[in-house]
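Numbering (my numbering), first residue to last: 5 to 461. C-beta: ideal position from N, C-alpha, C; glycine also.
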Amino acid sequence: MTEQQKVFLAKSEVKAHDLEHKRKVAFNIQKYSDSVVKGKQQYANLEVARMRAKNVKWKTIENLDKYLEQFEKNFTANGGKLIWAETAEEALQAILQICREKNTTQVVKAKSMVTEEIHLNDFLQEHGIDSVETDLGEYIQQLDNEPPYHIVTPAMHKSKEDVARVFHEKLGTDPNLTPPEITKIARRNLREKYVTAQVGVSGGNFLLADVGAVCVTENEGNGRLSTTFPPTQISIVGIEKLLPSINDLQLFWPLLATYGTGQQVTVYNSIFSGPRKANETDGPEEMYVILLDNGRTNLLRKEVRESMYCIRCGSCLNACPVYKNIGGHAYGATYSGPIGSVITPHLNGMAEYKHMSYASSLCGNCTEVCPLKINIHEMLLENRTIAAEQGLNGGMEKVTWALWQQAMLSRRLMNIAGSKMKNKVVNGLFKNSWAAHRGEIKFAERTFNKMWKERNK
Ligand code: SF4
Numbered sequence: 005m006t007e008q009q010k011v012f013l014a015k016s017e018v019k020a021h022d023l024e025h026k027r028k029v030a031f032n033i034q035k036y037s038d039s040v041v042k043g044k045q046q047y048a049n050l051e052v053a054r055m056r057a058k059n060v061k062w063k064t065i066e067n068l069d070k071y072l073e074q075f076e077k078n079f080t081a082n083g084g085k086l087i088w089a090e091t092a093e094e095a096l097q098a099i100l101q102i103c104r105e106k107n108t109t110q111v112v113k114a115k116s117m118v119t120e121e122i123h124l125n126d127f128l129q130e131h132g133i134d135s136v137e138t139d140l141g142e143y144i145q146q147l148d149n150e151p152p153y154h155i156v157t158p159a160m161h162k163s164k165e166d167v168a169r170v171f172h173e174k175l176g177t178d179p180n181l182t183p184p185e186i187t188k189i190a191r192r193n194l195r196e197k198y199v200t201a202q203v204g205v206s207g208g209n210f211l212l213a214d215v216g217a218v219c220v221t222e223n224e225g226n227g228r229l230s231t232t233f234p235p236t237q238i239s240i241v242g243i244e245k246l247l248p249s250i251n252d253l254q255l256f257w258p259l260l261a262t263y264g265t266g267q268q269v270t271v272y273n274s275i276f277s278g279p280r281k282a283n284e285t286d287g288p289e290e291m292y293v294i295l296l297d298n299g300r301t302n303l304l305r306k307e308v309r310e311s312m313y314c315i316r317c318g319s320c321l322n323a324c325p326v327y328k329n330i331g332g333h334a335y336g337a338t339y340s341g342p343i344g345s346v347i348t349p350h351l352n353g354m355a356e357y358k359h360m361s362y363a364s365s366l367c368g369n370c371t372e373v374c375p376l377k378i379n380i381h382e383m384l385l386e387n388r389t390i391a392a393e394q395g396l397n398g399g400m401e402k403v404t405w406a407l408w409q410q411a412m413l414s415r416r417l418m419n420i421a422g423s424k425m426k427n428k429v430v431n432g433l434f435k436n437s438w439a440a441h442r443g444e445i446k447f448a449e450r451t452f453n454k455m456w457k458e459r460n461k
């Protein structure tokens, strides 16, 4: 068993029995589900929109090389500077170099899962640069020294009382603050950072190949402040976030909003196409886009290629019975839930993270609720096959399945022992795995074969 798997099992066990945790998460997911029902009402034919979106992403990923080059050409023509980063380390070094050139010790950061993936805050901290999260949920998580719990709602597992407690412990505020008071304090603390930071960092929800621009979607306005106040903007984005054209946004913006938060469209949708021009009043003096691979090209293999269509709406997490029981932190990976379980073994290593693909009931609810109709539960099975083909499951599992197959194919072998003996052998064999969390397996006293014979006597 790998270290990651041990941690996953231990954390899952704790969370699955934590009723208070379940209550908070169920409460927040219910609010989300109610909103999504309303959000979907804006569509005359939602299925057509989903199919169209899937086709656009299919076309994009099948021609990824072409669209990436087109993006580079157009973005640099706008005056932007493009950096290709094959690994997290390359991206981190590029950001550090820019910060050093700008002589800054303060960075403001909009919400971005890619920066979580490369652990940007910790890295900058180690090099004497303070990187502050400006999204309220992320700010709460940063204060509490926790990674985001969910890709869309980072502090979903916290109640308003929990947040007041975090503010009290870390900022010395009143322990009984109300949500508006909490927001006011966060806003006051952050406003000061926007005007002092020399560098602003954001992710990107979409990259537009035809105009060479990055789109950022958010509800608080912090993304806009983080990218337009500091003289230098860095957007770090995964290569799969491409869309062929700015015209595709009319389809993707409402879809992301509906499935992400149940809104018709998110409050702030910005398109950044490069640094401020001579005749413009807003925007950074310099803009960089870092295109990050960091294992994404591994996802191009045909069995899991559809996972690159993901727009990170979080819908599959909210629908997953496993996620709802064990929560986002138990996975021990940046991307949790069903889509995280598909992509993480390819991004971080199949040997260490294959267990995530087994953390599924295979109910298919994730596939059902995905706006892009990504075949998530099938890809979890594909990952299991890949792991088996790579010989990562150990000899014991191979032997067990071979014996099982022999027994299942032979009536004579199945009848060889009585139910008592079968109970003893099977429960003994699975004592530490299956039976550790479930009741004992009980074989019927009379086999089907015996009953059939008796019936036809
Ligand atoms: S896989 Fe689908 S449902 Fe899950 S986050 Fe991505 S787009 Fe949303």
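I'd like the list of long-range same chain contacts for residue i, defined as Cβ closer than 8 Å, with 5 residues on each side in sequence excluded.
| i | result |
| --- | --- |
| K15 | I330, H333, A334, G336 |
| A20 | N329, I330 |
| L169 | Per the sequence shown, the amino acid found at residue 169 is Arg instead of Leu. So the qualifying residues of the chain are P179. |
| L50 | K44 |
| E386 | E307, V308 |
| E289 | P235, T236, P279, R280 |
| W438 | I445 |
Enumerate in chain order the residues of its own chain whose CB-to-CB distance from residue i is below 6 Å, with the five nearest sequence positions on each side excluded.
| i | result |
| --- | --- |
| A159 | G141, I144, Q145 |
| T108 | Q202, V203 |
| Y36 | N322 |
| Q9 | H359 |
| M312 | I65, E244, L303 |
| C219 | N209, F210, I275 |
| A190 | L140, Y143 |
| I155 | M117, R316, G318 |
| R388 | S361 |
| I33 | N322 |
May I ask you to list the residues that DSSP assigns as paired with residue i?
| i | result |
| --- | --- |
| A159 | DSSP lists no partner for A159. |
| T221 | N273 |
| V111 | S135, V203 |
Closer than 7 Å by C-beta to residue i: which residues in its own chain qualify, once you throw out the five before and the five after it? Chain order, please.
| i | result |
| --- | --- |
| P152 | E120, E142, Q145, P158 |
| V118 | G207, I240, V241, G242, L296 |
| L396 | M354, A355, K358 |
| T348 | A337, Y339, Y357, M360 |
| A98 | I87, A89, I294 |
| M53 | It should be pointed out that residue 53 corresponds to Ala in this sequence rather than to Met. The answer, listed in chain order, is Y47, L255, L259. |
| C374 | S319, C320, I380 |
| K164 | P183 |
| E76 | L86 |
Does DSSP classify residue i as helix, strand or coil?
| i | result |
| --- | --- |
| Q34 | helix |
| G227 | helix |
| D134 | strand |
| K85 | strand |
| F127 | helix |
| L72 | helix |
| F171 | helix |
| F210 | strand |
| S16 | helix |
| V429 | helix |
| S116 | coil |
| T91 | coil |
| N149 | coil |
| K461 | coil |
| L181 | coil |
| G399 | helix |
| M5 | coil |
| N451 | The question names Asn, but residue 451 in the sequence shown is Thr. Correct three-state label for T451: coil. |
| V308 | coil |
| R442 | coil |
| A190 | helix |
| L413 | coil |
| N67 | coil |
| H154 | coil |
When you compare the CB of residue i with every CB in chain B, is at least one pair closer than 9 Å?
| i | result |
| --- | --- |
| E150 | This model lacks chain B altogether, as it is built from one protein chain only. |
Inset, instruction - Starting from the N-terminal side, write out each stretch of the alpha helix (DSSP H) that is 4 residues or longer and does not extend beyond the segment 236 to 295. - result: The qualifying runs are 253 to 265.
Inset, instruction - Write down every uninterrupted run of the alpha helix (DSSP H) in the segment 312 to 393 whose length is 4 residues or greater and which is fully enclosed by it, in chain order. - result: Within the segment 312 to 393, the complete alpha helix (DSSP H) runs of at least 4 residues are 319 to 323, 325 to 330, 341 to 352, 354 to 357, 369 to 373, 380 to 393.
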